[in-house]
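Have a look at the structure below, then the notes.
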Amino acid sequence: MMIPDPSALQELVQQLHRHATPWLPAGLGSRLHWGPPVQPGPGQTEPLVLSTARLDRIVEHCVGDFTVTVQAGVPLQQLQQELAARGQWLALDWPWGSGADGSESGTVGGLVARGLAGGLRQRYLGVRDQLIGLSLMRADGTAAKAGGRVVKNVAGYDLMRLFTGSWGSLGLITELTLRTLPQPRLRRGLLLQGPLPALERLRRQALASPLMPELIEWWRPAGSVAASAAAAPEAQPALLIGLASISAEAIAEQLGTWCTSAEAVGLQAESLDPEALACRRADTPGSRANAGEQRWLLRLGLLPAQLHELLADTALLQGLGYSLVAGSGLGMAWGSAAAVPAYRVEALRRRCKELGGDLGGTLTVLEQPSGSQLPAWENAPSRPLIEAVKRQFDPLQQLARGRLPGVQA
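If you're matching positions, the sequence shown starts at 0 in numbering that gives the first Met the number 0 and goes up one per residue.
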């Protein structure tokens, strides 16, 4: 991995372009193994990786405007700590693979390049919705900018939407301006368990009501999904609710409303303090204790109303833990190679497509056991458009070869 000085970055990119050398944009490199393998260029044994680790300045925090401008290599954990000192935060989940405190969370630029929002999008929307300005470097070394430091957008080509979730395939993100929010003083959680039809009924009622939970996820922990425990209560789908407010009275009122609604449809409600809620949400496949395990990490996408149909297929999901946003239909599933054979992941992908129908359901393989060769993603219906955009930004096909979202390598 090359970690150039910021003053030499543009010249280096221009030199790579003159020689048509393939390369991969990166932050700290903590998630380079996610997604499809990147193809090295002629004469290369491994892809050339160009890191933004030295682009690590917090450029400006406008406290009164609730915006912050940072270079792309700023660690996300550091930025959240700096914002917290001023009573603000980025309303984004720690990326999968982070510790509960945000350790190993990678860089802000990497977070935007992957574009994989978690449960907090229920209230705060996704990564793209937090982004209001972007500076980048094209494959030929040309610098470009979109948006600004004021929360507004104008008509035209939306570079911020293109680059969010582009996986480094269109250019190198160098600087970002993001929206911040006041940090909630109080958080509480609820774990709702019971029959799947009752959980789905409560989900529909909640999303149609004035209730505004910080998160509402279909949830099953990683430690309870062995085949021998498939019928245990903790192995069944549950709804994990997160509540946040600056007011203790508001939190108490919300808890009371949720508990009453849960009781009315025959569900059990377990109250969670902030530490217990964080512990439940930290039960992900990225913990350092499991770092060497051969495993699957999958990104699912369905319409929210279809998730309960998928979750009802206990045989298909045997061995998988999951955390799926109940209001968006997006989320993660994970399991060990020993518990989940590759043919079942293929069957799960087919089932997602069937449930999605004309609107499409998706399954992206972010991690897979060694020896498995499932495509990370399949061809999107918009593949011709995706490839046309790629040619506009990277005519020599230098960037992230084989890792263009929506195009099967």
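Ideal Cβ positions, reconstructed from N, Cα and C, are used throughout, including at glycine.
Neighbourhood of residue i by C-beta, 8 Å cutoff - its chain only, sequence neighbours within 5 removed
i	result
residue 142	9, 134, 135, 136, 173
residue 52	2, 26, 27, 72, 106
residue 197	264, 265, 266
residue 247	185
residue 32	366
residue 254	187, 189, 242, 270
residue 43	21
residue 391	none
Proximal residues to residue i (C-beta, below 7 Å), its chain only, five neighbours per side dropped
i	result
residue 55	70, 72, 73
residue 119	90, 91, 92, 213, 214
residue 407	374, 376, 377, 378
residue 34	166, 365, 375, 402
residue 5	53, 54
residue 400	21, 37, 38
residue 193	265, 266, 267
residue 371	341
residue 7	none
residue 250	185, 187, 242, 244
residue 183	243, 244, 245
residue 354	301, 305, 308, 309, 360
residue 75	101, 104, 105, 106, 107, 110
Residues of its chain near residue i, where Cβ-Cβ distance is below 6 Å and the 5 sequence neighbours each way are ignored
i	result
residue 394	none
residue 109	26
residue 145	133, 158, 159
residue 273	186
residue 396	none
residue 337	none
residue 225	Legend: pLDDT at residue 225 = 46, less than 50; position of this residue unreliable, no value from coordinates given.
residue 206	326
residue 153	Caution applies to residue 153, whose pLDDT of 44 falls short of 50 and renders its modelled position unreliable; the model cannot decide the point.
CB of residue i within 8 Å of CB of residue j, strictly
i	j	result
residue 242	residue 170	no
residue 128	residue 16	no
residue 363	residue 297	yes
residue 388	residue 161	yes
residue 114	residue 164	yes
residue 295	residue 339	yes
residue 126	residue 175	no
residue 322	residue 216	yes
residue 292	residue 335	yes
residue 77	residue 88	no
residue 271	residue 238	no
residue 277	residue 99	yes
Residue from the options with nearest C-alpha to residue i
i	options	result
residue 384	404, 370, 399, 371	404
residue 280	349, 260, 218	218
residue 82	181, 390, 235	181
residue 318	324, 325, 347	347
residue 86	273, 245, 104	245
residue 13	49, 361, 0, 125	49
residue 122	112, 84, 210	210
residue 63	178, 7, 31	178
residue 257	277, 100, 276, 208	208
residue 97	60, 61, 29	29
residue 0	46, 391, 80	46
residue 361	368, 349, 43	349
residue 358	380, 269, 250	380
residue 312	390, 351, 84, 251	351
residue 344	369, 240, 315	315
residue 204	183, 259, 251	259
residue 147	183, 124, 75, 61	61
residue 275	353, 240, 251, 250	240
residue 368	333, 392, 44	333
Beta-carbon separation (whole angstroms), residue i vs residue j, contact threshold 8 Å
i	j	result
residue 94	residue 102	Not really, about 11 Å apart at Cβ, beyond 8 Å.
residue 261	residue 191	5 Å
residue 236	residue 195	6 Å
residue 168	residue 398	5 Å
residue 58	residue 68	4 Å
Test: residue i CB closer than 8 Å to a CB of chain B
i	result
residue 39	Structure shown: chain B not included; a single protein chain is present.
Exercise. Check whether the segment 329-349 touches the segment 301-321, counting contact only when three or more Cβ pairs, one atom from each stretch, lie closer than 8 Å.
Key: yes
Practice problem: State whether the segment 10-21 contacts the segment 34-46, with contact taken as three or more CB pairs (one from each stretch) at a distance under 8 Å. | Solution: Touching, yes.
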